[in-house]
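The sequence shown begins at 12 in the working numbering and counts up one residue at a time. Note that beta-carbon positions come from the ideal geometry of N, C-alpha and C, so glycine has one too. The block underneath contains the structure these notes are about, expressed in structure tokens.
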Amino acid sequence: MLALALAASLWLPSAARAQQTQIINPGSMAVTGFSGTLIPGIEEGLPPGADPVDETFIDTGRATLRVFDVSALGGPPAGQLVNTPLPFEVLAGQIGQVFALTYDDGVRDGTPSGVPDLYAGATSLHGLRIVTPDADGDGRPERQRRGAAGASFMAGQFGEESGGGPGTIWRIDGITGAVSKFADVDSDSGPGIGDVSFDKVHRQFFASDLDDGLIYRIDATGAVLDSFDHGVAGRPARGLAAVADDGSVMDIQGAAFDTEDPDSWGYTQDERRVWGTAFHGGRVYYAVGDKAEIWSVGIGRDGRFGADARWELTVVADEALPVTDIAFDGRGFMYLAQRGEVDNRYDYSRFADAGKGEVVRYWRESPDDPATESIWVPVPQEYAVGFPEGNRQSAGGIDLQYGYDAQGLINPNACTDTIVKTGDRLRDNPALADQLAPGGPFAVHGVQLTATSLVKPANVPPFGSWFVDFDSFFDDAEVEGHVGDVEVWRPCEGRAGYYEQIPYPGDYPTPLWPPDFPPPGNLPPCLDIEAVEYFCTPAGLEADLYVRDVAGIGGDSVKADSRTPGVGITPLQQTKPAGAPFTIGVTGNFPGDTVNVGLCFYKKSDADKGGYYPCCKVVVPLATPAASCEP
């Protein structure tokens with residue numbers, strides 16, 4: 012540990028560096044992890060008989076969050092460590108230890124900017140450390156294993172120096188890199204935030220609190236609006252007894268508190284403890300307890316939690332472990348990442364029981380099998396994570412990334428072809444040492460990138476993957492749980508549909524294009540549908556369409572019609588403020604069918620002038636939900 016502290020003290024990357032350009036670009040991969048340790052004043056030596064571990068503290072000058080450029084991986088996957096440009100960093104001295112990550116939609120002052128901000132939630136998953144004031148005159152506070160009078164959290168634990176605490180969610184500006192406190196769940200006494208997810212439909216966030224088990228709804232300004240209590244409002248939907256929070260809190264000054272015993276940390280009961288969250292299809296999906304159950308609750312058109320909580324599935328895995336992250340792709344897959352049980356060692360070596368966490372994916376039964384309880388398939392597909400035996404090195408973070416070509420260059424036209432997952436000791440397997448040696452160091456704690464198609468038994472061992480190390484420190488083979496979450500900024504290109512012949516036929520005015528647009532030949536999309544959210548309403552099925560103005564028309568309006576016989580589309584014309592979705596009513600469709608909707612996207616002020624005006628005309632295929640939504 013002394014050697015580790017010395018080595019760490021010699022490697023002091025700069026603080027969040029001033030950026031000449033934006034720090035977040037399409038494909039940017041944000042990763043959280045433990046910032047490391049040092050012994051302050053070690054150059055002066057330690058007193059005789061002093062235990063170096065007692066004098067080892069969080070290194071506040073190292074990063075707990077890094078944003079990586081993984082646009083060029085240097086070649087095809089071969090199980091190798093990838094060299095990336097120096098990442099953007101946020102230090103423990105700024106935000107403390109964080110786990111959960113999410114991006115927003117990049118709307119700034121009501122105007123889409125194309126660059127999102129990044130959000131990170133305070134955590135206890137990278138251990139808890141407490142201190143009391145310096146008592147021996149060495150200039151260092153005194154580390155404590157147990158609760159003690161006058162105890163406080165160690166510097167670098169929760170970003171107290173910046174006004175943070177265990178319930179803080181931090182915002183990192185995607186353009187400037189500036190760090191600020193975004194929101195606080197004031198009731199959190201120490202367990203921290205389980206996960207944070209963004210709802211672009213209503214421009215709000217959901218944050219799970221490990222202290223009381225609530226999912227908090229937070230608006231775009233950081234104000235806490237209300238909360239959903241799974242233990243009380245969710246469990247009865249499955250015929251289970253309601254379980255209210257037992258009121259336990261973390262008391263670091265009480266004798267019962269033990270830094271190495273998570274049962275003394277004030278976590279809410281397992282039956283109501285919410286870990287990972289994700290907003291998808293008008294619902295918040297969330298994972299409950301160590302024997303992870305996936306539930307969901309609807310979000311109404313006003314953004315509030317519904318009264319329709321439902322059990323989705325109970326995770327099938329070899330070990331009952333928390334699911335700390337959830338992701339969805341556009342093909343109907345739900346991806347889940349487990350993390351080992353919390354195991355905080357006083358010597359900083361271990362924060363989770365690693366080597367058992369799985370990464371799996373589920374999909375809906377089609378058609379639904381009435382013989383199974385869930386609408387999801389009973390057994391998921393699994394991914395190989397890391398080279399150690401069993402290939403189950405998940406550290407609990409997961410997301411989807413663009414695809415890559417044969418040379419390892421990112422392909423933004425392949426929206427969700429790669430899965431990224433955090434893990435420990437990812438390249439450590441003595442039996443494969445000769446094969447792994449050409450690909451770099453073995454002690455890699457970071458992220459594995461794999462094509463989403465490579466589910467087990469494919470890619471075992473995972474030589475069909477690339478690897479990125481979190482901190483570029485490769486002498487820490489035995490540490491566990493030092494890596495956290497991963498999140499990718501992935502605006503998807505070219506998904507809107509297809510052009511019709513120009514000039515456009517029909518009743519839409521022929522657009523007056525700039526001289527060089529559109530170019531001849533294969534026409535690029537002038538409009539991108541970034542997301543579609545479906546809702547059942549008293550009038551039937553409605554779809555909220557989030558559009559991106561690729562052609563730069565500056566549009567705020569659409570005209571819509573149905574290109575599928577027998578299907579009705581309403582309204583025929585609508586105008587919305589920037590960033591708001593266009594709401595399309597769909598009637599007469601068969602559930603699950605694809606409905607083609609013709610759109611003319613334009614600026615209302617141009618149309619009001621009369622005559623011809625720029626209009627982007629596309630046909631958007633809407634894959635309607637399989638469930639009936641008749642009024």
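Let's test the definition: count the other Cβ atoms within 10 Å of the Cβ of residue i and tell me whether it reaches 16, buried, or not, exposed.
i	result
THR605	exposed
GLU66	buried
THR32	exposed
PHE362	buried
ARG625	Contrary to the premise, residue 625 reads as Pro rather than Arg in this sequence. PRO625 should be labelled buried.
PRO88	buried
ALA131	buried
LYS620	exposed
ASP486	exposed
SER377	exposed
Looking at the unbroken beta strand (DSSP E) that takes in residue i, where does it start and where does it end?
i	result
ASP195	190-195
ILE595	593-598
ILE263	Premise fails: ILE263 is in no beta strand (DSSP E) and is neither H nor E.
MET345	344-349
TRP387	It is not in any beta strand (DSSP E) - TRP387 carries neither H nor E in the DSSP assignment.
CYS547	539-548
ALA41	40-44
SER200	Neither: SER200 is in no beta strand (DSSP E) and is coded neither H nor E.
ARG438	First-last for ARG438: undefined, no H or E at that position.
ASP336	334-339
ILE186	Neither: ILE186 is in no beta strand (DSSP E) and is coded neither H nor E.
ALA554	551-559
DSSP has residue i in a bridge; who is on the other side?
i	result
GLN215	ASP210 and ASP230
PHE68	LEU49
TRP500	Note: TRP500 sits in no beta bridge, so no partner.
ARG361	GLU491
THR122	ARG119
GLY368	GLN404
GLN585	VAL569
GLN392	ARG372
ILE180	GLY132 and ALA194
GLN418	According to DSSP, which records beta bridges pairwise, GLN418 is partnered with nothing at all.
Where does residue i sit, in a helix, a strand or coil, going by DSSP?
i	result
PRO632	strand
LYS615	helix
ILE676	The structure shown does not extend to residue 676, since the chain spans only 12 to 642, so no value can be given for it.
ALA318	coil
GLN108	coil
ARG156	coil
ALA637	coil
PRO468	coil
ALA406	strand
CYS627	strand
PHE282	Note on residue identity: the sequence assigns Glu, not Phe, to residue 282. Here GLU282 sits in helix by DSSP.
HIS291	strand
SER275	helix
ALA248	helix
GLY450	helix
GLY457	strand
VAL142	strand
GLY242	helix
ALA103	helix
GLU304	strand
SER377	coil
SER173	helix
Please identify the residue among the options whose C-alpha is closest to the C-alpha of residue i.
i	options	result
VAL235	HIS241, SER259, PHE193 and ASP257	PHE193
ARG156	ASP237, ALA253, GLN215 and ILE263	ILE263
ALA637	VAL101, PHE546, THR581 and VAL431	PHE546
PHE316	ASP379, GLN280 and TYR227	TYR227
LEU4	ALA103, PHE110, VAL78 and ALA89	Given that the chain is displayed from residue 12 to residue 642, the structure contains no residue 4 and the question cannot be resolved.
GLN584	ALA571, THR179, VAL608 and ALA591	ALA571
ASP336	ALA462, ASP199 and GLY495	GLY495
LYS367	ARG350, THR635 and MET261	ARG350
VAL499	ARG73, ALA442, GLN412 and ALA448	GLN412
Should residue i be counted as a contact of the ligand ZN given a C-beta to heavy atom distance under 6 Å?
i	result
MET345	You won't find the ligand ZN in this model; it holds no ligand whatsoever.
How far does the alpha helix (DSSP H) with residue i in it extend, from its first residue to its last?
i	result
ALA444	444-447
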